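There are 2 protein chains.
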Amino acid sequence: MIDRPIALDAMGGDHAPSATVDGACRAVRDGINVVLVGDEKVLRRRIPKGVDIEIIHASEVVGMDEAPSSAVRSKKDASVRVAARAVAEGRASAVVSFGNTGALMAASLMELGRIDGVERPAVIATLPRSDDGQVVILDLGANVDCKPSHLAQFGVMGSVFAQNVLGLSQPRVGILSNGEEEGKGNEQVRAAIPVLAKMPIQFVGPVEPADALRGGCEVVVCDGFVGNVMLKSMEASIEIAGKVLREEILRRPGAKLGAKLLTGAFQRYRTRTSAGAVGGAFLLGVKGTVLVGHGRADEWAVNAAIHRAYVAVQQDLTGDIGNAISVALAAVEPTDT
Amino acid sequence: MIDRPIALDAMGGDHAPSATVDGACRAVRDGINVVLVGDEKVLRRRIPKGVDIEIIHASEVVGMDEAPSSAVRSKKDASVRVAARAVAEGRASAVVSFGNTGALMAASLMELGRIDGVERPAVIATLPRSDDGQVVILDLGANVDCKPSHLAQFGVMGSVFAQNVLGLSQPRVGILSNGEEEGKGNEQVRAAIPVLAKMPIQFVGPVEPADALRGGCEVVVCDGFVGNVMLKSMEASIEIAGKVLREEILRRPGAKLGAKLLTGAFQRYRTRTSAGAVGGAFLLGVKGTVLVGHGRADEWAVNAAIHRAYVAVQQDLTGDIGNAISVALAAVEPTDT
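Protein sequences appear in the order of chains A and B.
Per my numbering: the first sequence ends with 1777, consecutive numbering throughout.
Per my numbering: the second sequence ends with 1777, consecutive numbering throughout.
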């Protein structure tokens, strides 16, 4: 067991504080040290007898509808900010939040700060691949307009993530593009390719979305605008696919029996194709482990996210990213000066 | 019946010339006038007796692996170029090709030219919406980096397309973004919003991929890089969704019967979720009707595409786009000068 607890923003998320407290209690029973951050009175009531879980009181909350940066700046005692501060002060090993994503990013930047050499932190998540492998993609929305150096750093951070958290030894890193031939890609992609090629990673060049999802690489680099569009298009398509298939099943009289038999298959389908199933996204590039949970998380998803943050801390994800970024900077410096 | 035939590049596509000739013969039997463009000897052999179909001989072909622009420029007698030329010369009413997309675009620009006032032609396709409606999206790959004026013209062309071809009276036009709140979107999107707002269309502002696919608008405007990523992510997700669901069905002993019953449902699912089912994409903004077919098209898809091009010609899609663009230009001019 790690000595310092995982700090959970217990007030964030559509089902907080019930889902957050219940999920945290599950994690504690699994042997993970968790500290709840939020309104002590509210949280205390929810904790069952016999569960040993610490609380750090925070008197404020950032709402889902607030402008993240200004809300976090003005609310020094917001639960998400207090949780990030606990990591900065060495009282906690990681912060996990299911609240406003922008607020978590702002709190992480304010309280933890960027890793030396990282220009822009990025959000990374794991997507299911058709060959049953996994592919990580970054950035998913933190940075909508990116310079080549930002994308190159995403490649380094994504490679470290795939090695440490997914346990892949030689992750292949691709840059998302509209084609793999010479001359394809937009200006940003074409400018980033030679910079990514200099990084100490296994860069495989441009990849199309379908190739990435079929096993063409383990890490996909893109700007946050394109990454967000890709992620949300996938989520929507999978939802539509399930809906259409269900409709077509129910339309056939002979297939109604099949539909009944298939309830369990549909459930497993949803679990396998949902990005939330793998426990949320991480914010990489700040001085601390930050897990960006999905607002809709239930207690099981909260528990899974805490487990995932715990593994990232054990693997020293943040330390390894710091080392990899300084190696990468050293690799490009001779040609830059 | 329209007097001038649809010119089909009979040499383009993975299954050409069998799928193209057979599909064209189907269309002729349906009462549509078609002219085949390609190697006369090869094509003549394939046409069944009793089918009345004209051939325009073209001695060259652009391969899928050739650099489109230079290949089209050097091969004056390439089938795709001869087909486009037939439209430019008034011998045909539309060009349909299932070959190299870049070659079709290059041939259209060279032989037909741009509509006055259109800075960049764009590729548009119809996607299935979860509410069983349809949404059109442009650009899908012709222009990877776009100015605000390009995106505004896409909005006008997309609106005309939704009215004429899909028969929607007041199509709502949105711009693809990573969020609908103030301040979301990348630089390009934020710059295009005020220009789109000036167009004589029903502009509804930024839309996220999921909202567009759930019925938030009928026309989605984006640059060709983002549009291509969205389209291909959707195609890949739908493929993965079908695969995962099939695996989960077959994993359950009790559900094997269900899987058997479901074969037909899966077939309908594929038809409903495939962009190809609606007959390919159009290149808008050139002086002529240009249908960009999918390389994998079989004879049924070829027939569907010819029908779709026929409808577009009947609706005078190209003429209406020309009119709408000149109205739009007049609408913005007073503020520009």
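For each residue, glycine too, the CB sits at the ideal point set by N, CA and C.
Computed from a prediction, not measured in an experiment: that's the story for all the values here.
For a cut-off of 8 Å, the C-beta gap from A:ILE1493 to A:VAL1468 is around 5 Å, short enough to register as a contact. Interface flag for B:SER1599 against chain A is unset, since no Cβ pair is found closer than 8 Å. If you draw a 10 Å sphere on the C-beta of B:LEU1476, you find 16 or more other C-beta atoms in it, and that means buried. The Cβ atoms of A:VAL1635 and A:ALA1592 sit closer than 8 Å to each other. Residue range 1664-1691 is occupied by the alpha helix (DSSP H) that includes B:ILE1689, with no beta strand (DSSP E) assigned at that position. Excluding residues up to 5 positions away in sequence, VAL1461, CYS1465 and ILE1493 lie with their Cβ nearer than 7 Å to the Cβ of B:ILE1487 in the same chain.
By the C-beta density criterion, A:ARG1612 is buried, having at least 16 other C-beta atoms within 10 angstroms.
If you keep only unbroken beta strand (DSSP E) runs of at least 3 residues inside the stretch 1454-1492 of chain A, you get 1474-1478. Between B:ASP1760 and B:ASN1604, the gap from beta carbon to beta carbon is short of 8 Å. When C-alpha distances from B:ASP1756 are compared across B:GLY1530, B:VAL1772 and B:THR1729, the shortest belongs to B:THR1729. If you draw a 10 Å sphere on the C-beta of A:GLU1627, you find fewer than 16 other C-beta atoms in it, and that means exposed. Residue range 1659-1661 is occupied by the beta strand (DSSP E) that includes A:VAL1660, with no alpha helix (DSSP H) assigned at that position. Of the other Cβ atoms in all chains shown, 16 or more fall within 10 Å of the Cβ of A:THR1566; this residue is therefore buried. Identification of chain A residues near B:LEU1724 by a Cβ-Cβ cut-off of 7 Å yields none; the smallest Cβ-Cβ distance measures about 18 Å. Residue-level contact by beta carbon fails for B:GLU1506 and chain A, as no gap is shorter than 8 Å.
Close to A:LEU1578, with beta-carbon spacing below 7 Å, lies no residue of chain B; the smallest spacing is near 14 Å. DSSP places B:PHE1538 in no beta strand (DSSP E); its state is neither H nor E. Interface residue (Cβ-Cβ distance to chain A less than 8 Å): B:ASN1668 is classified as such. Within chain B, the residues PRO1649, ALA1650 and SER1677 have their CB atoms less than 9 Å from the CB of A:GLU1675, given in chain order. Just measuring C-alpha positions, the residue of A:VAL1772, A:THR1758 and A:ARG1691 sitting nearest A:ALA1562 is A:THR1758. With contacts defined as CB atoms closer than 8 Å, B:ILE1746 and B:ILE1472 qualify as a contacting pair. Distance check between B:ALA1771 and each of B:VAL1596, B:LYS1516 and B:ASN1583 places B:VAL1596 closest, using alpha-carbon atoms only. Contact annotation for B:PHE1538 against chain A: no contact, minimum CB-CB distance about 18 Å [criterion: below 9 Å]. For A:GLY1539, the closest C-alpha among the options A:LYS1672, A:LEU1580, A:LEU1616 and A:GLY1503 is that of A:GLY1503. In the three-state reduction of the DSSP assignment, B:ASP1449 falls in the strand class, which pools E and B. When the Cα atoms are used, B:ASP1470 and B:PRO1457 turn out to be separated by approximately 20 Å. Between the beta-carbon of B:GLU1648 and that of B:GLU1675 there is about 19 Å, and that puts the pair past the 8 Å contact cut. As DSSP reads the structure, A:GLY1614 sits in a beta bridge with A:GLY1645 and A:VAL1660.
Of the other Cβ atoms in all chains shown, 16 or more fall within 10 Å of the Cβ of B:GLY1664; this residue is therefore buried. For A:GLU1551, the three-state secondary structure derived from DSSP is helix. Contacts with chain B (Cβ-Cβ distance below 7 Å) from the stretch 1627-1645 of chain A involve GLU1627, listed in chain order. In this model, B:ALA1764 and B:VAL1600 are separated by some 7 Å (Cα to Cα). In the same chain as A:ALA1752, and ignoring 5 residues on each side of it, the C-beta atoms closer than 6 Å to its own belong to VAL1605 and THR1729, in chain order. Taking 8 Å as the cut-off, the Cβ atoms of B:VAL1520 and B:GLY1607 do not count as close.
Look at B:VAL1684: its C-beta is under 8 Å from a C-beta on chain A. With a cutoff of 8 Å on beta-carbon distance, A:VAL1575 and A:CYS1657 are scored as near each other.
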